[in-house]
């Protein structure tokens, strides 16, 4: 049973492990290093015996090549003849990880385990072998060039994966991360020290996400015992390429904690973080800090109580992802019936269960006589909630790998008629097809539809990716107020917040309601006396958190806010809402180019995250009625090219020229100084370039007072990003840092100075150059899903005449 990891009992049963190695210590062989790290992560006491001869190991295990893991069972004499031995380093990693299954080092599902295997195998072929060749090249430039080509190609793939995830597999460290980090250590750490088997600093500057990942993974305390000195490159292993032997010892390089940070600093602005940034926290066994047995705080380790929450069910998403690998296993699935039908003259029930975790569903087959059969047959059908316990079996139907053969079914909630009887004739979603307009009228139930549930999952992914993007780049999340006295845009389209209106219902509780006269208190001049209001001044719902978040950018550095904003625009278009969400970063010591670069990186990151984490939902949006065929290709196009950059003047000249030549018809042909319409923005992004465009240097009269005036005195350092299908999705600018110019602009736009005096103080006391932008979150979700109407990408849309629920 050599290498039969599946037969090993859990660590708690007293099993022991002994690792034999021909290396003199843990530092000499990267294979030993990764095994020891995994053992420490899993809490396994590994007895390491170094300096063993090849003859000794081969006598015990004929397949041994400088490495043997001996499995020692309690009460059993030492194994002989290799009966319980594992000889390949990656197989040893799997053995240790599975022996302590609750460590999640081998992934939390069969699918994640398969991904870990894939990374380990690819790492061996595309990194370890070329690294051995690089170390043994002895100045052979052809060998060096070919080895580096393979290495950089593999690391570029890893960099792309890590651009949208913290770890290679899932949401925590796995054996894939440990294996790659140990194998790549000298390639990365030797780059600054000039190690023979290292990559150059220029090479690593193009791998910012790999560097960030490497610092995060190796920050785990399990690596601390291996951080004493740099080890030889993989060529030092007894498993080296033919011809690698006899090449002499590799040049030793110093430990690279500082070197890696320096290399990361060389990739500034690309997500690697500043040289002094702390790595991301070590994630515990269940995916968050509080679930781990301990967490790292500086150089100390804090003990934390184990997590208590565990789902008592498997989600459909995990079940479908596992595929046929879980056939034969028991599973509990809970959700709502999408369809229910009887077959075989009532002897079988086919239930299609949807739990909202993904765009897919699972079919449940219930045989007559199974507990709960009669209840399931009379629960009202579509919309009823059920709990199913059964066995996962291979499906005979098309379009699904597995289904559940029910052992028992529990009806959690029936569907009822208005008279209280069971039945679905009045259930609003009983019919298979509904218009999006109708679904907006039942916003409390539309999350059960495929369209809306998929939109909400993508919305969640984009929100999570937003926080991850800015957090990974050292931005601080600032909560800005909803109730404000400032009008950021100067447009006056704000919702007033007041307690001065009389209580028409006569109910008590409004302590600031107007007196018996029926109107609000007035000043002698005939204006509303807001000094009598709750806040003792005029206040409104915020139209933007920008001005508030700027205060923190001018103290804390790079910051962002992400929250709801409100505009009292009487607009009924498919692109506007009265309540929507905005992401607004503010970058200290930055100009307009920095702002544009950050915005482009951010938008590309979001698109990459959607493609990497929302494949099932994006596929649904391509094939559903009214969906967008080719959606994913459109999104991929965003990633593959730099955004087009042009000035407002160039754009106006372009659309006027094309309109004059008859290439396009517009309802309004813009003049210089006009605000661009959606038809102009979409024409340029969709028809002219078929790519996102960044338009800069807008006329000052159509932009906000805080935007920096350009030297021409007519335009401001502003930028908008236009994308296909949407038009404007991001708007930003460099902020005016000159107090005199800012005060003058505010007066020109009739903004009372006393209302923004606090904002002007930022220029009075240590003004700095800074810039930022705002992204309309709902427009982002529209862009990522292809959904045409903004009212369908937010849970409860607010627009003129509609504020239900």
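Residue numbers (my numbering): 423 to 1227.
Cβ atoms here follow ideal geometry from the backbone N, Cα and C, with glycine treated the same way.
Under 9 Å between C-beta atoms of residue i and residue j
{"i": "residue 1157", "j": "residue 1192", "result": "yes"}
{"i": "residue 437", "j": "residue 513", "result": "no"}
{"i": "residue 635", "j": "residue 589", "result": "yes"}
{"i": "residue 873", "j": "residue 858", "result": "yes"}
{"i": "residue 829", "j": "residue 792", "result": "yes"}
{"i": "residue 1186", "j": "residue 1161", "result": "yes"}
{"i": "residue 1138", "j": "residue 1122", "result": "yes"}
{"i": "residue 790", "j": "residue 770", "result": "yes"}
{"i": "residue 755", "j": "residue 826", "result": "yes"}
{"i": "residue 1064", "j": "residue 1022", "result": "yes"}
{"i": "residue 441", "j": "residue 487", "result": "no"}
{"i": "residue 1038", "j": "residue 587", "result": "no"}
{"i": "residue 493", "j": "residue 507", "result": "yes"}
{"i": "residue 1006", "j": "residue 984", "result": "yes"}
{"i": "residue 1012", "j": "residue 1020", "result": "yes"}
{"i": "residue 1140", "j": "residue 1153", "result": "yes"}
{"i": "residue 553", "j": "residue 573", "result": "yes"}
{"i": "residue 960", "j": "residue 918", "result": "yes"}
{"i": "residue 1142", "j": "residue 1117", "result": "yes"}
{"i": "residue 1208", "j": "residue 1050", "result": "yes"}
Span of the alpha helix (DSSP H) around residue i
{"i": "residue 836", "result": "Segment: none, residue 836 is in no alpha helix (DSSP H) and carries neither H nor E."}
{"i": "residue 552", "result": "551 to 557"}
{"i": "residue 458", "result": "452 to 464"}
{"i": "residue 891", "result": "872 to 894"}
{"i": "residue 863", "result": "858 to 863"}
{"i": "residue 380", "result": "Residue 380 lies beyond the residue range present for the chain, which begins at 423 and ends at 1227; the question has no answer from this structure."}
{"i": "residue 630", "result": "630 to 640"}
{"i": "residue 532", "result": "532 to 545"}
{"i": "residue 581", "result": "563 to 584"}
Residues that residue i bridges to, as DSSP identifies them
{"i": "residue 1152", "result": "1143, 1197"}
{"i": "residue 1066", "result": "1115"}
{"i": "residue 763", "result": "772"}
{"i": "residue 1180", "result": "In the DSSP output, where bridge partners are listed per residue, residue 1180 has none listed."}
{"i": "residue 785", "result": "774"}
{"i": "residue 830", "result": "811"}
{"i": "residue 1157", "result": "1129"}
{"i": "residue 1164", "result": "DSSP output for residue 1164 lists no bridge partner at all."}
{"i": "residue 1137", "result": "1121"}
{"i": "residue 479", "result": "Answer is none; residue 479 lacks a bridge partner."}
{"i": "residue 758", "result": "776, 807"}
{"i": "residue 898", "result": "981"}
{"i": "residue 825", "result": "815"}
First and last residue of the uninterrupted beta strand (DSSP E) at residue i
{"i": "residue 962", "result": "961 to 963"}
{"i": "residue 510", "result": "That residue, residue 510, is in no beta strand (DSSP E); it is neither H nor E in DSSP."}
{"i": "residue 469", "result": "468 to 471"}
{"i": "residue 1008", "result": "1001 to 1010"}
{"i": "residue 494", "result": "489 to 494"}
{"i": "residue 986", "result": "981 to 988"}
{"i": "residue 438", "result": "438 to 443"}
Rounded C-alpha distance that separates residue i from residue j
{"i": "residue 518", "j": "residue 461", "result": "7 Å"}
{"i": "residue 989", "j": "residue 1000", "result": "5 Å"}
{"i": "residue 1180", "j": "residue 986", "result": "23 Å"}
{"i": "residue 558", "j": "residue 551", "result": "11 Å"}
{"i": "residue 1159", "j": "residue 862", "result": "45 Å"}
{"i": "residue 1196", "j": "residue 1111", "result": "23 Å"}
{"i": "residue 598", "j": "residue 527", "result": "8 Å"}
{"i": "residue 1205", "j": "residue 1147", "result": "7 Å"}
{"i": "residue 645", "j": "residue 455", "result": "9 Å"}
{"i": "residue 892", "j": "residue 544", "result": "31 Å"}
{"i": "residue 941", "j": "residue 956", "result": "16 Å"}
{"i": "residue 831", "j": "residue 802", "result": "15 Å"}
{"i": "residue 484", "j": "residue 444", "result": "15 Å"}
{"i": "residue 993", "j": "residue 907", "result": "24 Å"}
{"i": "residue 523", "j": "residue 465", "result": "11 Å"}
{"i": "residue 736", "j": "residue 750", "result": "15 Å"}
{"i": "residue 1132", "j": "residue 1194", "result": "16 Å"}
Is the number of C-beta pairs between the region 1104 to 1116 and the region 1070 to 1085 that are closer than 8 Å three or more? These segments touch.
Inter-stretch contact at 8 Å, needing at least 3 Cβ pairs: the region 1056 to 1072 / the region 1028 to 1038: Touching, per the Cβ criterion.
Can you confirm whether the region 840 to 852 touches the region 815 to 825 when touching is taken to mean that 3 or more C-beta pairs between the two stretches lie within less than 8 Å? Output reads no: the region 840 to 852 does not touch the region 815 to 825.
Segment contact flag, the region 777 to 786 with the region 756 to 767, C-beta cutoff 8 Å, min 3 pairs: Touching, yes.
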